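With the numbering used here as the guide, the letters of the sequence shown map in order to residues 257 to 590.
C-beta: ideal position from N, C-alpha, C; glycine also.
As the structure is a prediction and not an experimental result, all values here were calculated from the model.
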Amino acid sequence: MGGTSILWMPLWLSHDRNILPAHALWLERWRGVPWEMQDAELLRHAALFMGHALLRPKKIISRPVRRFFKWGIAIAILVFLGMPVTSGVMAPAKVVPDHPNYIFAPMDGILKELLVKPGQWVDENAPLFRYDARVLDKRLEEAYRNVASAKAKFVKLEGAAHRDPEARAELSVQKLEVERAEADVKFYAQQQSRAEVHTAKPGVIVLDDPDALIGAALQTGQTVLSVADPSKTKLHLMVAAADVGLLKKDAEVSVRMDSEPLESFAAKITRIGFDIRISENQVPSVMAEAVWTNQAPKAQPGQKGSAKIFGPMTVMGMQLFRKPFIVFRTFIGL
């Protein structure tokens, strides 16, 4: 009957023999039929393809399953984009004093000395700054000399009025001159008392650039600084002009301070501005004010954070693609 001829064929993955095969073929020929050289050569070429086929098997997915899978993904995306959500916009937030005590310049003059620092606590009637009073002192001295001169002339005319009709006629005019000189003294003395400005309420000094004030020329009514109660604060929100249409008065706001990014605080919109101004991020924006809904956090005036302002209900697709659509519409000119 004859024996069995066996051919062991490694399934190489490359012609590089340093890469060992992961599989091999065990081939048999019965009844004494031997393996010829051309048979082995043909199988050697086919072994390379067989090795790769066995190394990376592919799961064959039927066409109906693939179609069902694609439709399932499409439906899931449509359901996700159609989900009702609350619209919202993000805006940078800054803590500012609520109803601070503004300090105005009581008169024209040069600010000589600033007696407080930003963030410093001051008590009631504490001095805040001083004017350069040298001009006032000189004018007050001159006013005192004018009073003395006017009174001396008045006394002289009063003595001569009994025998000199001309002196008697000038007496009433000189009396008015004395009163005018005394009014000048009173005015300059009052101005001199204003040379040192005090606060009427206790609080914390709110001032951006103290160095710019020293030596500055102040005008009557100019805001110099403010004194605020640190426990009474509110928020200034710089909302991008493109998002102003979503703002409503009394809208809810969720605020996260940069110092406490993991904690959110509730607030609500109380006022929406009209003027367009450039924010610190160089974005045309409208300023909105918000007050804390619950107890105000321990945030000092000047602290910054981010705020999410909630608007009306919309769908997820509009919330996600509203701004990209605005950019695209602007680009194509619609």
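Beta-carbon proximity check, residue i vs residue j, cutoff 8 Å
i, j, result
"ASN381", "HIS454", "yes"
"GLY344", "GLY567", "yes"
"GLY558", "ASP514", "no"
"SER535", "MET494", "yes"
"GLN448", "ASP393", "yes"
"ALA497", "ILE532", "yes"
"ALA399", "GLN475", "no"
"THR570", "VAL341", "yes"
"GLY459", "ASP440", "no"
"HIS355", "LYS488", "yes"
"LYS457", "GLN430", "no"
"VAL547", "LYS505", "no"
Closest by C-alpha distance to residue i, when choosing among the options
i, options, result
"LEU263", "PRO277, ARG285 and HIS279", "ARG285"
"GLN551", "LYS524, ALA416 and ALA451", "LYS524"
"GLN556", "VAL341, TRP377 and LEU304", "TRP377"
"GLU545", "PRO580, ALA507 and VAL571", "ALA507"
"ASN537", "ALA302, ALA349, THR570 and ARG450", "ALA349"
"LEU481", "GLU438, VAL542 and PRO353", "PRO353"
"LEU304", "ALA472, TRP548, PRO277 and TYR444", "PRO277"
"ALA347", "VAL391, ALA472, LEU503 and LEU432", "LEU503"
"ALA445", "ASN274, ALA406 and GLU397", "GLU397"
"MET339", "PHE584, LEU576, ILE588 and PRO580", "LEU576"
Secondary structure of residue i, DSSP reduced to three states
i, result
"VAL539", "coil"
"GLU452", "strand"
"GLU369", "strand"
"GLU516", "strand"
"MET339", "coil"
"ARG500", "It is Val, not Arg, that sits at residue 500 in the sequence shown. Of the three classes helix, strand and coil, the one that applies to VAL500 here is helix, per DSSP."
"HIS301", "helix"
"VAL441", "helix"
"GLU380", "coil"
"VAL351", "strand"
7 Å CB neighbourhood of residue i in its chain, flanking five on each side removed
i, result
"LEU427", "LEU413, GLU414 and ALA417"
"GLU438", "VAL403"
"LEU337", "VAL571, MET572 and GLY573"
"ALA389", "GLN448 and ALA451"
"GLU422", "none"
Contact set for residue i: own chain, Cβ-Cβ below 6 Å, skip 5 residues either direction
i, result
"LEU281", "MET265"
"PRO290", "SER261"
"PRO379", "A quick correction: the sequence has Asp, not Pro, at residue 379. PRO458."
Contact set for residue i: own chain, Cβ-Cβ below 8 Å, skip 5 residues either direction
i, result
"MET257", "Since pLDDT at MET257 reaches only 45, below the 50 mark, its modelled position is unreliable, and the value read off the structure follows with that caveat. Excluding sequence neighbours, MET257 sits near ARG287 and GLY288."
"PHE530", "VAL542"
"ARG386", "LEU367, LYS368, GLU369, LEU371, ALA451, GLU452 and VAL453"
"MET306", "LEU267, HIS279 and LEU281"
"ARG300", "MET265"
The ligand ADP heavy atom lying under 7 Å from the CB of residue i
i, result
"LYS554", "Absence of the ligand ADP is noted for the structure shown, with no ligands found whatsoever."
Stretch-stretch touch, CB-based, cutoff 8 Å, three pairs: the region 318–328 with the region 454–472: no
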